[in-house]
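*Asks:*
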Amino acid sequence: MRFNFWLITNILGLLLVINGIFMLLCLPFSLYFREDIWHLTTSGAVSIIVGGITWLATRNEQNKELKKKDGYLIVTLGWLCMSCFGALPYILSGTIPDFTNAFFETISGYTTTGASVMTDIESAPKGVLFWRSLTQWIGGMGIIVLAVAILPILGIGGMQLFVAEAPGISPDKMKPRIKEVAKRLWFIYLGLTLIETVLLMFGGMTFYDALNHSLTTMATGGFSTKNASVAYYDSAYIQYVIIVFMFLAGTNFTITYFGLKGKFKKAWANEEFRNYLILVLLLSLSISFFVFSSKWEGFEKSFRDSLFQVVSIITTTGYVTADYTQWAPFLTIVFFLLMFVGGSTGSTAGGIKVVRHTLLFKNSFLEMRRQLHPSAVIPVRLNGAAVSRSITYNVLAFVMIYMLVYAVGVFLLSFTGVEFDTALGAVATSLGNIGPGLGEVGPVDNFYSITPFGKWVLSFLMLLGRLELFTVLMLFNMNFWQKY
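Mapping to numbering that gives the first Met the number 0: the sequence shown position 189 is 188, numbers consecutive.
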């Protein structure tokens, strides 16, 4: 198969133009807070000019056919290009002067990981901080989905891009036309962001802080405008609002769509959603009783802190209101294991995803029955329907490769001289797109002390996790590049 390199280059140029436009949207905050605007203006202009020239130079390409291989290449290269250009505001403003750290912060934003190298967030320019939050909001639903939704100027079918970037979403569940699906997803995404912003302002946040936290909540990203994250706001109201919207962001957007349409029975019939909700409630209640029995806090505060941390980790948001590593050693292990769960498929959350765990456990238990009844046909069922063997094999392969990548990541990071628990936590949180880890990168620390080599390893893992492994790893398969 030949690659349509002209069309690939054309789309990458268009993505850079969009990237630059989003940078310029940060200017009003710089002007309001009376900050220098040249770094954002220059960054946006460079991205728009480079992208515009690239797009215009390739716009007359006659072959508009986009193959699946082209989709994989566009998504991976698109995220890398946007991360390189997205680092410009940090570098030009002096907020993060070196490229390695600036790239790390940017790709952490686009992949909605939330791992940061900034040691004093509150001293950074407000315009740059808004760009930092905006990268997560863009990456939450995916810039490719945005392009498919609002830029029919592409003139090509968008299914290949949509599937490559959001493989967990089932477009046929909402509407068969991919453009309409993407529009509805973004309508829900934008609507929930605005609602959360208003609710947080009612809790006492300024419009600026409320908008930033809403952007990163709905993206399950976790970047905050405060050094202490959400713990800065000692408000039960604010924390409960963020808990609700973190949970919604970690829910399959198809289920949210059904809920908005009043089809609650249809939403509840979804097995993944039920397991997701039950897991959150059971873990939160169990941990809160332990925290309360340890007499560290009152019951309401114990429950709120436990619920917040559980929802934050399982949805891969990464906000913190308490240092869970200080509660008890076995609870640290519980939260570490939660880093491998992830939210729902079709959400902005990262991680392995609840539906994969559901299918994995079901297949494992059914395998024992198959050993007793070798002639019987016992399929795995999800939502009452039999799951094909190809999907089951895909889940098994994904989990196996995920754990293999994790092991290799820990091995590589150990060469940088970090402690073992730091390596375990840093790789788990990067691959799962979570944010806080263990050890030196725990809930109250950041990634500044990680060596440059370690940051590049973790940056690659963030991209792998955000694009669910196969999209990126496909490019390392020799068969991918063969012509046939």
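Cβ atoms here follow ideal geometry from the backbone N, Cα and C, with glycine treated the same way.
Since the structure is predicted, the reported quantities are computational estimates derived from the model, not experimental observations.
Which whole runs of the alpha helix (DSSP H) in the segment 256–289 are 4 residues long or more, in chain order?
*Replies:* Runs found: 263–267.
*Asks:* Look at the alpha carbon of Asp208 and the alpha carbon of Ala422, and state the distance between them as a whole number of angstroms.
*Replies:* Approximately 32 Å between the Cα atoms of the pair.
*Asks:* If distances are taken between C-alpha atoms only, which option among Val354, Tyr239, Gly258 comes closest to Gly342?
*Replies:* With distances taken between Cα atoms, Gly342 lies closest to Val354.
*Asks:* Please state whether the Cβ-Cβ distance between Gly464 and Gly431 is less than 8 Å.
*Replies:* Against a cut-off of 8 Å, the Cβ pair of Gly431 and Gly464 comes out as a contact.
*Asks:* Quick test of your reading: Pro507 and Val319, contact by CB under 8 Å. State the CB separation rounded to the nearest angstrom.
*Replies:* This structure cannot settle anything about residue 507, because the visible part of the chain is limited to 0 through 483.
*Asks:* May I ask you to verify whether the segment 217–232 touches the segment 254–273, counting CB pairs closer than 8 Å and requiring at least 3?
*Replies:* As far as the Cβ criterion goes, the segment 217–232 does not touch the segment 254–273, which means the pair count is below three.
*Asks:* Once DSSP output is grouped into helix, strand and coil, what is the label at Arg380?
*Replies:* In this structure, Arg380 counts as strand in the three-state DSSP scheme.
*Asks:* In the DSSP assignment, find the alpha helix (DSSP H) that holds Pro27 and state where it starts and stops.
*Replies:* Start and end: 26–31.
*Asks:* Considering just the uninterrupted stretch of the alpha helix (DSSP H) at Thr215, what are its terminal residues?
*Replies:* Here the alpha helix (DSSP H) through Thr215 covers 206–217.
*Asks:* What is the C-beta distance between Thr428 and Ala218, in whole angstroms, given that I count them as a contact (C-beta under 8 Å)?
*Replies:* With a Cβ gap of about 16 Å, Thr428 and Ala218 do not count as contacting.
*Asks:* Can Met117 and Asn18 be called in contact, C-beta distance under 8 Å?
*Replies:* For Met117 and Asn18, no; Cβs fall outside 8 Å.
*Asks:* In three-state DSSP terms, what is Thr110?
*Replies:* If DSSP states are grouped into helix, strand and coil, Thr110 belongs with coil.
*Asks:* Return the CA-CA distance between Leu87 and Gly416, expressed in angstroms with no decimal places.
*Replies:* Those two C-alpha atoms are separated by around 30 Å.
*Asks:* Please report how far the alpha carbon of Thr57 lies from the alpha carbon of Gln308, in whole angstroms.
*Replies:* Rounded to the nearest angstrom, the two C-alpha atoms are 48 Å apart.
*Asks:* Which residues does DSSP pair with Ala385 in a beta bridge?
*Replies:* Paired residue(s): Arg380.
*Asks:* Does the Cβ of Ile390 have 16 or more other Cβ atoms within 10 Å, making it buried, or fewer, making it exposed?
*Replies:* Result: exposed.
*Asks:* Only counting runs of 4 or more residues, tell me where the alpha helix (DSSP H) segments fall wholly within the segment 394–441, in order along the chain.
*Replies:* With a minimum length of 4 residues, the continuous alpha helix (DSSP H) runs that stay inside the segment 394–441 are 419–430.
*Asks:* What do you get for Ala396, buried or exposed, if any count of 16 or more other CB atoms within 10 angstroms of its CB means buried?
*Replies:* With fewer than 16 Cβ atoms within 10 Å of its Cβ, Ala396 is classed as exposed.
*Asks:* If we count the other Cβ atoms within 10 Å of its Cβ and call it buried at 16 or more, is Trp205 buried or exposed?
*Replies:* According to the sequence displayed, residue 205 carries Thr and not Trp. Classification for Thr205: exposed.
*Asks:* Assuming Thr75 contacts Thr105 (C-beta within less than 8 Å), just tell me the rounded distance between them.
*Replies:* Not confirmed; about 16 Å, so no contact.
*Asks:* Locate the alpha helix (DSSP H) running through Gly464, then write down its first and last residues.
*Replies:* That run of the alpha helix (DSSP H) goes 451–465.
*Asks:* Between Ile73, Gly43, Lys66, Leu337, which has its C-alpha nearest Gly85's C-alpha?
*Replies:* Measuring from the Cα of Gly85, the nearest candidate turns out to be Gly43.
*Asks:* Could you give the first and the last residue of the continuous alpha helix (DSSP H) run that contains Phe489?
*Replies:* Since the first residue shown for the chain is 0 and the last is 483, residue 489 is missing from the structure and cannot be characterised.
*Asks:* Determine whether the beta carbon atoms of Met512 and Thr347 lie at a separation below 8 Å.
*Replies:* Within the shown structure, residues of the chain are numbered from 0 to 483, placing residue 512 beyond reach of any answer.
*Asks:* Could you tell me which of Gly12, Thr99, Ser29, Trp455 sits nearest to Ile52, measuring between CA atoms?
*Replies:* Ranking Gly12, Thr99, Ser29, Trp455 by Cα distance to Ile52 puts Gly12 first.
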